[in-house]
Structure formats: C-alpha cells, structure tokens
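Read through the structure below, which is laid out as structure tokens, and then see the notes.
Residue numbers (my numbering), protein chains in the order written: chain C, 512 to 714; chain H, 123 to 466.
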C-alpha cells in the first residue's frame, strides 16, 4: 500500500560521477537557500505585533464578578478537582454579615491560587465551574523570574469592576448546550438528583 | 619622501579600520543571512534593523569576565588569540584595493606595498595563522581544545598544499607573483577565472578550509568538540578568535577576487578611463572591488547555511586524494595548453 507519493527506494549503490563530484548537489542546495532568502519570514515580532487568537483561545484565567461586583466563586473546589495538572488551590471562608456586596454566595474563596507553571490551559476548570466564576481568556500569561511570582493569587485573577473582562465570546452555542446537559453531575440541581433516585417502595 | 611615509601610515590605518569594520559587520551579516535563509528575521532589536548589534556584541565581549584556566600555560594562552588576530590583519597589506590616486604630481597607489612576491607573502602569513589556533588549543590544557587544534592544524596543512598547487598553475599563466601585476593583466577582456576555472575552484575550496568555515569548520564544530580550540577562552580573547575568522574571510574573499575575478578592474575600463578623472575612476574601482569582496563574504555565508559539515575522514580524503591530484593535473594541463598555444 502506498500512502504518499514521496516514497523513495533507498539502496546502497555506487555513486554516479555527478554525485561523486558533489558540485551539482551543492549548486542545487544553493539555489534552494537563495530562494529562501527572498521568502517572507514566518516570524511574528511579538511585543509589537500580536498573533490573532481564536475567540475561544485559552489563556490567563479570570475570576468573574457578577453585575453587582460580588465575586461569583463559592469555593466549591470543583475546579481544583477537575484540574489534571493540580494547579489550583483554594481556601474557603464563610461570608460575614455586611459582606454581601463582596461575595455572591454564603461561602467564598479567601485564597484562590493558580500555579501558572503547572497549568496546562486545558479549560477543564472552566467546564467544571457550576457558578460561571472561572473563565480562561485570550490574555497571554507573561513570564516572570521566580517560581513564587508565577503563582497567581486573587489579586491578579479576580477582575476589577472598572476593567471587566468580556468572556461572552466563550459562551458559544455548544458551551451553553453543554452547561445544560444534565448528564454531567455538576449541572444537576438537588431536584434533579432527587428525581433521578429510585422511588422508595413501601412494604 | 615624508609625505609618502605619512600616506602609507594613513593607508595602513584605513585598511586596518576597514578590516575590523567589515569583520564586525560580517558577524551581523552572518546572522542576518542565516536568518533569511531559514525564513527568520534575525537580530533586529539593537538600533534600526539591528544595525547596532555588532557594537552591543563587542561591548558584551569586553565586559565579560576573563577566565584563564589555572592549569593552562598563561603566556601561550594569551599568545594564541594574539597570533590569530595578528596574522589575520597582516595579509591585507599586499592586496591592491584600487588604481592610483594622483594629487598634484605625486601618485598614491591604493595598495600598502606591492612586493614582487605578493602571493608568497600571503601564503607565508596564512600558514603562520595555524599557530594561533594550535598554540591556543595546546595552552588550554583541555582535551576538546587539543582535539580542535589538532584538527585545525592538520586540515590547514593539508589544504595549503592543494591551494599552493592551484596557485602554481595561475602563476604559470600570469608569469608574475605580484598581485598588482596580476590585477593589471586582467584589465583586458578576460579575467583569470576563464583561464583557470579548475584552479579557481580548488583555490576557493581550499580558502574555505583555510578560514575554518563550513563545510570545513571541524576545528570548532560545536556538536562534537564543545567549542573546539576556543573552548576555554572567554571575554575578548574569544572575541579575537571569532574576529580573526571574519577578517580571514574578508581577506580570503579579497584574494580570490584579486587573483581570479579581475581585482579592482571595472568593466569597460578603457572606455571609462577616457571620460573620467583618474581619481574618480580609482574611487569607482575601489567601490567595485569592495562590492565584489562583500559578495565573496556573502558567498562564504551562503555556502555555510547550505552544506552540512564534512566528516573528518571525508575532509582528509577530499584534500589528499582529490584536490591535490586535481591541482597537479591542472598544472599539467595548463603547461600542455600553454605549449600548444605557443606561449612558452
């Protein structure tokens, strides 16, 4: 079976005179390199020119706030469980009275850290999140000089109200369908679970 | 007479400065050519198009810590790169860079000295250049350096023979050893390449080997010998070695152009000479020659980024079993042709 037309029968044979001279081969090679001299380079001069990313590019994470400015994250830990690289850690805390404008739910993440050196930007945290709190964005994670600085805390991850980050492009039709799919445990409400349980039989 | 000495000193300084300048910008050109041939951009951060890159590199070389290995022979260790640089710069003096310049009644030739054994002088100095590498590699007291130095010296000695034999055939046709004379003879219709194509090819191949350039860069092949003879070198001593290589490239290119491709002669020179001032003509000749030399340097780079490196046994085979017999054949053929054409 021939898969490509690039197949070449290789045999150890005596070189012909032209091959032994090397010069024709060298000339051919030089023609090739000369052609490349005038080709457009593939380089993107990064800081000045940025490559166009797909709208659903998976870059640096953002922790979203709701429209009132309260953090959506409830520190359920599903993202940390879903994370295959074990990059996410968090510490939960209980919301106190008077903090309703800061945190949407009664429980919130006091500490939320993503180790960007471990993260593989797979987006499973985003998929797992039941509160629409964490999203990946098209921002590129910049380099740093220490390992400690590459662990991003809430100061970097949580969006500010002045400079909200648009993640609506990520909410494609497929994503919304997926979020509705009751087959996934985290999309199920307590009611769904109760309904799915086998009915108790009365003796 | 005093004005002549002053003129010579100025000319020496100018040639020195040009050699260094060309060598500095060759490093930049090399990186650019390599980049373009590999569809990249190359250095473009320092200044417009990265033109200040050689300055940045030079400054870096000066600022680097200078390390002299404790087990090395200190004097020889310093002598190595100095010799390499010295011999690289010495060859430039016999090359005719252009025609004469006349101011008042005095004629100033654009050649530092026209010794009547110019070619032999070049050979002498070039073969002296191997000492720089050999001494540097030996004094480092490092097995990689020593292997690189051994390779370098055996390679340079092997290819010098073929190079010399190629030149013998050229000397037979030109009948002179003076470079100025050789250039003057090529002022007519044909350049020496037409009479000596095989000799020219052999000479160019040997020039590549003499300057330790790819595909003959075995003495410093990074993949096998760390850095070759300059493994232990740092700071400007390393810079001298690298610089010497580029100066050698510049001078070899100039020698190839002088011997085989008409030197500074312009096309339709006789016609131009009737209509142009002598000094202007000399200037044009210099620019034309300089352009040719720069193309020669580009050719060196072009080859480097096209052909992979030879294996050591292939290198020796090519030198001893192919180039030397070919060069001898070339001498014989030249002799027969000259006899047949009645030029002897």
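The beta carbon of each residue, even a glycine, is placed where N, CA and C say it ideally should be. None of the values given here were measured: they were computed from a predicted structure.
Minimum length 3: unbroken beta strand (DSSP E) runs contained in the stretch 342-417 of chain H: At a cut-off of 3 residues, not a single continuous stretch assigned as beta strand (DSSP E) sits fully inside the stretch 342-417 of chain H.
Rounded C-alpha distance that separates residue 429 (chain H) from residue 543 (chain C): Take the alpha-carbon of residue 429 (chain H) and the one of residue 543 (chain C): they are about 11 Å apart.
CB contact below 7 Å: residue 540 (chain C) versus chain H: Residue 540 (chain C) belongs to the set of residues whose beta carbon lies under 7 Å from a beta carbon in chain H.
Best match in H:272, H:391, H:362, H:383 for proximity to residue 325 (chain H) [C-alpha to C-alpha]: If we check each option's Cα against that of residue 325 (chain H), H:383 comes out closest.
Against chain C: residues of the stretch 213-230 of chain H by CB proximity under 9 Å: Against chain C - using a Cβ distance shorter than 9 Å - the stretch 213-230 of chain H contributes no residues.
Cβ distance (whole Å) where residue 288 (chain H) is taken to contact residue 321 (chain H) below 8 Å: The pair is a contact, with the Cβ atoms about 4 Å apart (cut-off 8 Å).
Residue 648 (chain C): contacting residues in chain H (beta-carbon distance under 7 Å): Contact of residue 648 (chain C) with chain H by beta-carbon distance below 7 Å is absent, the smallest such distance being about 29 Å.
Any 3 or more C-beta pairs closer than 8 Å across the stretch 388-407 of chain H and the stretch 363-373 of chain H: The stretch 363-373 of chain H and the stretch 388-407 of chain H do not touch, with fewer than three beta-carbon pairs separated by less than 8 Å.
Any C-beta of chain H under 7 Å from that of residue 548 (chain C): Residue 548 (chain C) has a beta carbon lying within less than 7 Å of a beta carbon in chain H.
For residue 532 (chain C) and residue 375 (chain H), the rounded distance between their alpha carbons: Approximately 23 Å, taken between the alpha carbons.
Interfacial residues, the stretch 151-163 of chain H to chain C, with Cβ spacing under 8 Å: Result list: 155, 157, 158, 159, 160, 161, 162, 163.
Short-range partners of chain C found in the stretch 439-451 of chain H, where Cβ spacing is below 8 Å: Shown here is that no member of the stretch 439-451 of chain H has a Cβ falling below 8 Å from a Cβ of chain C.
Contact under 7 Å by Cβ, residue 261 (chain H) with residue 195 (chain H): A contact, by the Cβ cut-off of 7 Å.
The alpha helix (DSSP H) enclosing residue 668 (chain C), as first and last residue numbers: Element bounds for residue 668 (chain C): 665-668.
Every unbroken beta strand (DSSP E) within the stretch 574-616 of chain C, with a cutoff of 3 residues, ordered by chain: Correct list: 599-605.
Beta-carbon proximity of residue 226 (chain H) to residue 305 (chain H), cut-off 7 Å: No, the pair does not count as a contact, with Cβ atoms beyond the cut-off.
Residue range of the alpha helix (DSSP H) that includes residue 706 (chain C): Element bounds for residue 706 (chain C): 701-707.
Bounding residues of the beta strand (DSSP E) (the contiguous stretch that carries residue 471 (chain H)): Absent from the model: residue 471 (chain H). The displayed extent of chain H is 123 to 466, so no value can be given.
Beta-carbon contacts of residue 360 (chain H) that lie in its chain and below 6 Å, excluding the five residues immediately before and after: So the qualifying residues of the chain are 352.
CA nearest to the CA of residue 279 (chain H), picked from H:307, H:294, H:245, H:291: For residue 279 (chain H), the closest alpha carbon among the candidates H:307, H:294, H:245, H:291 is that of H:245.
Interface residues of the stretch 357-379 of chain H facing chain C [CB-CB below 7 Å]: The residues in question: there are none.
Where residue 428 (chain H) meets chain C, residues with beta-carbon distance less than 8 Å: Here the neighbours are 537, 540, 541, 543, 544.
Distance, residue 709 (chain C) Cα to residue 701 (chain C) Cα: When rounded, the distance between both Cα atoms is 15 Å.
Coarse secondary structure for residue 564 (chain C), derived from DSSP in three states: Of the three classes helix, strand and coil, the one that applies to residue 564 (chain C) here is coil, per DSSP.
With 16 other Cβ atoms within 10 Å as the buried cut-off, status of residue 619 (chain C): When all chains shown are included, residue 619 (chain C) counts as buried.
Cross-chain neighbours of residue 553 (chain C) in chain H, by beta carbon under 7 Å: Under the 7 Å cutoff, chain H gives 161.
Pick from H:444, H:170, H:199 that is closest to residue 256 (chain H), judged by C-alpha positions: Taking only the C-alpha atoms, the option nearest residue 256 (chain H) is H:199.
Uninterrupted alpha helix (DSSP H) stretches inside the stretch 288-320 of chain H (no shorter than 4 residues): Counting only runs of 4 or more, we get 301-307, 314-317.
Inside the stretch 614-646 of chain C only - alpha helix (DSSP H) runs reaching at least 4 residues: The alpha helix (DSSP H) runs of length 4 or more contained entirely in the stretch 614-646 of chain C are, from start to end of the chain, 635-639.
Selection from H:150, H:357, H:161 that minimises the alpha carbon distance to residue 168 (chain H): Ranking H:150, H:357, H:161 by Cα distance to residue 168 (chain H) puts H:150 first.
Stretch pair the stretch 641-655 of chain C + the stretch 567-584 of chain C: three plus CB contacts closer than 8 Å: In short, these stretches touch, since the Cβ pair count reaches three.
Assigned secondary structure, residue 657 (chain C) (DSSP; H/G/I helix, E/B strand, else coil): Secondary structure of residue 657 (chain C) (DSSP, three-state): coil.
For residue 435 (chain H), the three-state DSSP class (helix, strand or coil): Residue 435 (chain H): helix per DSSP, three-state reduction.
Which listed residue (H:259, H:228, H:209, H:240) has its alpha carbon closest to that of residue 251 (chain H): Taking only the C-alpha atoms, the option nearest residue 251 (chain H) is H:209.
Distance, residue 693 (chain C) Cα to residue 668 (chain C) Cα: Between residue 668 (chain C) and residue 693 (chain C), the C-alpha separation is close to 29 Å.
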